[in-house]
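**Q**
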Amino acid sequence: MKKLGFVVPWYGENIPGGAEMLLRGLTSHMAASGVELEILTTCVKQFTSDWNENYHKEGVTTEGGITIRRFKVRKRDSAAFDRVNAMLIKGRKPSREDQEVFVREMVNSTDLYDYMSEHKDEYSWFLYTPYMFGTTINGIRVAPEKSVLIPCFHDEAYAYMDVFTEEYKKIKGMVFNAVPEEELALRIYDLTNVKHKTIGVGLDTKISSDPQRFREKFNIHDPFILYAGRKDEGKNVHTLVKFFAEFKKRNSTNLKLVLIGGGQMDFPEEFIKSGDIIDLGFVDIQDKYDANSAALLLCQPSKNESFSLVIMESWLGGRPVMVHEDCEVTKHFVVDANGGFYFKTYYEFEGQVNYLMNNPDVASKMGANGCEYVKARFDWDIIVKNYMDFLNSCE
Amino acid sequence: MNNDINVEQIMSDIRENISKTGRDKEPLSFIDKEAALDAKPNDNSIDNAVDYISYNYEVKPYDILRGNKIAVFFKRVIRKLTSFLIMPIVAQQNTLNYYYYRVSEAVLSAKKDNEELIKRADLLEKRIAAIESKLGDKKD
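For the protein sequence lines, the chains are A and B, in the order given. Remember, our numbering sits 8 above the position in the first sequence when you count from 1. Remember, our numbering sits 2 above the position in the second sequence when you count from 1.
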């Protein structure tokens, strides 16, 4: 196999985002296992930057042992793009003409596409992520026969655009992070001639944790529900706080809610004063692993996850998880692994928390199920092997 | 993997237990939108709830005082002494309840209109299907 070219709109060590994290993890572990690869990207810094600004210098650099080729972006008509994007945000499907405006006026680099066209024979495959960016669709238009997409689809207006459905049926392969994502793609896209597989996202499964160390370090000796992640409305954490407050009013228990991660949120004052809600903010990664193993359960109330590393980490800590019923992906994982519960109403939440408190053996078995599930599927060595097997099968 | 655990079965048992013990009938201190969404439009409980509100939206601050003569006397004194505090709250609550009642009547009325429209739409769809079928026969 010749080298792989990962085509992405931006690249950097510390830029946030699920697809960005997936790419960094995948490329670094592939490179470590001896796969020859390069990142082909633009000079834009990250998603939240001005897509007309060339933040990085164009040219070739080596970052973390990986070759990065950066190309200058083409100046774009932001107003035209914003007009179509506003339609999509409202869930409306734009006209075909406007869809072309969308893919033409978002982040794009003519120099990148020219390079791909001239050098495509040097690469076995071009891999693109995520699905909606100019670098993805216009890169695919250069060499669909060498294209494999890691789309990171969500059920949103963008995914239904004809420009994508027509272009992505011509590629060679598509890799998904979770089964519900693959099912969504099969509903929207014609994948008759596209090889496709759910592989998932890798994580470091060789971790150790010590629940007692967490309890002593943070002086938390009562059972607790853990929330790990950003504290904002989009993650539906306010529902968890509301449900927990109600749980405390209706149940005589020493249960606590411990939150780790960034973001700001207003908690009911009486629960902060009583120490029933404890917000630890950012903690060291080892503290996070220890917290996972010390918790009664981890609750992931988000309705919009495409993978959810935090539930995998909780399972690696041997503890069960509770997720929201409206999130197809996390719900699928919980049922598939037999590793926890999903809830929708307060009453379900209350019943499930009480069940896990009163049945510690079952709770531990659920955590063990989850741990086994993660180790069998999402260890980086397995993910890299599955990706390489998939690419070989596309030839 | 422990195959003796079936999370769907456990969740189903938990739901059954909630229903059996009546925990889900105990009101919460907030509106659980998710649970509210589960209320079906054709659920008779909405009609019953509006019925209940229509009879009970007015809070009655006075009730018959019970006990022996001395107890009743003291209760009456306490009631008179606190009336300046209680009565404005009751009046405010009654006004609020009245508007809640008006809204719930409007919702019920809209629900009935909707049911009527669904029936008419069904009828029209059947008539269209019959006409299409006749037209198809003529073409053949």
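Glycine included, every Cβ here is placed at the ideal spot set by N, Cα and C.
1. At a CB distance below 9 Å, what residues from the stretch 349 to 368 of chain A approach chain B? Give them in sequence order.
2. Using the Cβ count rule (16 or more neighbours within 10 Å means buried), how would you classify asparagine 366 (chain A)?
3. Provide the residue span of the alpha helix (DSSP H) that contains isoleucine 196 (chain A), from first to last.
4. Using the Cα positions of tyrosine 54 (chain B) and glutamate 107 (chain B), report the straight-line distance between them to the nearest angstrom.
5. Is there a C-beta anywhere in chain B that falls below 8 Å from the one on methionine 374 (chain A)?
6. Chain B partners of valine 343 (chain A), CB-CB under 9 Å?
7. Can you tell which of A:Gly271, A:Ser117, A:Val266 has its C-alpha closest to the C-alpha of glutamate 241 (chain A)?
8. List, in order along the chain, the chain B residues whose C-beta lies closer than 9 Å to that of valine 249 (chain A)?
9. 8 Å is my cut-off, CB to CB: does asparagine 60 (chain A) come that close to chain B?
10. Which residues in the same chain have their Cβ closer than 6 Å to the Cβ of alanine 193 (chain A), if we skip the five residues on either side of it in sequence?
11. The stretch 154 to 185 of chain A: which residues have C-beta closer than 7 Å to a C-beta of chain B, in chain order?
12. Comparing C-alpha positions only, which one of A:Val81, A:Ala299, A:Gly67 sits nearest to lysine 225 (chain A)?
13. If you follow the beta strand (DSSP E) that valine 236 (chain A) is in, where does it begin and where does it stop?
14. Three or more C-beta pairs under 8 Å: does that hold for the stretch 32 to 39 of chain A against the stretch 50 to 70 of chain A?
15. Reducing DSSP to helix, strand and coil, say where glutamine 360 (chain A) ends up.
16. So if DSSP puts proline 184 (chain A) in a beta bridge, which residue, or which two residues, is it bridged to?
17. What does methionine 13 (chain B) touch in chain A if you count any residue whose Cβ is under 8 Å from its own?
18. Starting from the N-terminal side, write out each stretch of the alpha helix (DSSP H) that is 4 residues or longer and does not extend beyond the stretch 55 to 106 of chain A.
19. Is it the case that the stretch 385 to 402 of chain A contacts the stretch 321 to 335 of chain A, given that we only count it when at least three CB pairs across the two stretches are under 8 Å?
20. Could you tell me whether the Cβ atoms of leucine 306 (chain A) and isoleucine 319 (chain A) are closer together than 8 Å?
21. Rounded to whole angstroms, what is the Cα-Cα separation between valine 2 (chain A) and tryptophan 388 (chain A)?
22. What does DSSP give as the partner residues of lysine 11 (chain A) in its beta bridges?
23. Is DSSP giving glutamate 18 (chain B) helix, strand or coil here?
24. Less than 8 Å between CB atoms is the rule here; does arginine 31 (chain B) satisfy it with respect to chain A?
**A** So, from the data block:
1. Phe349, Tyr350, Phe351, Lys352, Thr353, Tyr354, Tyr355, Glu356, Glu358, Gly359, Gln360, Asn362, Tyr363, Asn367
2. Position 358 of the first sequence, counted from the start, is the residue given in the question as residue 366 (chain A). With fewer than 16 Cβ atoms within 10 Å of its Cβ, asparagine 366 (chain A) is classed as exposed.
3. Your numbering for residue 196 (chain A) matches position 188 in the first sequence. Its alpha helix (DSSP H) spans residues 187 to 196.
4. Locating residue 54 (chain B) in the second sequence gives position 52, counting from the first residue. Locating residue 107 (chain B) in the second sequence gives position 105, counting from the first residue. Cα to Cα, the separation comes out at about 11 Å.
5. Along the first sequence, one-based indexing puts residue 374 (chain A) at 366. Output row for methionine 374 (chain A): interface = yes.
6. Stepping through the first sequence from its first residue, residue 343 (chain A) is reached at position 335. What valine 343 (chain A) touches in chain B: Val9, Glu10.
7. As a position in the first sequence, residue 241 (chain A) is number 233, starting the count at 1. Taking only the C-alpha atoms, the option nearest glutamate 241 (chain A) is A:Gly271.
8. Residue numbering aside, residue 249 (chain A) sits at position 241 when the first sequence is read from its first letter. Result: empty, since nearest Cβ-Cβ is about 11 Å, beyond 9 Å.
9. Along the first sequence, read from residue 1 onward, the residue named residue 60 (chain A) stands at position 52. Not closer than 8 Å to any Cβ of chain B, the Cβ of asparagine 60 (chain A) fails to qualify, so no.
10. The residue you call residue 193 (chain A) lines up with position 185 of the first sequence. Answer for alanine 193 (chain A): Phe161, listed in chain order.
11. none
12. For the purposes of this step, residue 225 (chain A) is taken as the residue at position 217 of the first sequence. Checked all of A:Val81, A:Ala299, A:Gly67; the closest Cα to lysine 225 (chain A) is A:Ala299.
13. Here residue 236 (chain A) refers to the residue found at position 228 of the first sequence. The sequence shown places alanine at residue 236 (chain A), rather than the valine named in the question. Alanine 236 (chain A) -> beta strand (DSSP E) spans 232 to 236.
14. no
15. Working through the first sequence from its first residue, we reach residue 360 (chain A) at position 352. Helix.
16. In the first sequence, residue 184 (chain A) corresponds to position 176, counting from 1. The sequence shown places phenylalanine at residue 184 (chain A), rather than the proline named in the question. Looking at the DSSP assignment, phenylalanine 184 (chain A) forms a beta bridge with A:Thr206.
17. Numbered from 1 along the second sequence, position 11 holds the residue referred to as residue 13 (chain B). Result: Phe349, Tyr350, Glu356, Gln360.
18. 86 to 97
19. no
20. Taking the first sequence and counting its residues from 1, the one referred to as residue 306 (chain A) is at position 298. Taking the first sequence and counting its residues from 1, the one referred to as residue 319 (chain A) is at position 311. Closer than 8 Å, so yes.
21. Chain A is shown only over 9 to 403; residue 2 (chain A) falls outside these bounds and no answer can be derived.
22. Position 3 of the first sequence, counted from the first residue, corresponds to residue 11 (chain A). The partner list for lysine 11 (chain A) (beta bridge, DSSP) reads A:Tyr131.
23. Your numbering for residue 18 (chain B) matches position 16 in the second sequence. Glutamate 18 (chain B): helix per DSSP, three-state reduction.
24. The sequence position of residue 31 (chain B) within the second sequence is 29, counting from 1. The question names arginine, but residue 31 (chain B) is serine in the sequence shown. Yes - at least one Cβ of chain A is within 8 Å of the one on serine 31 (chain B).
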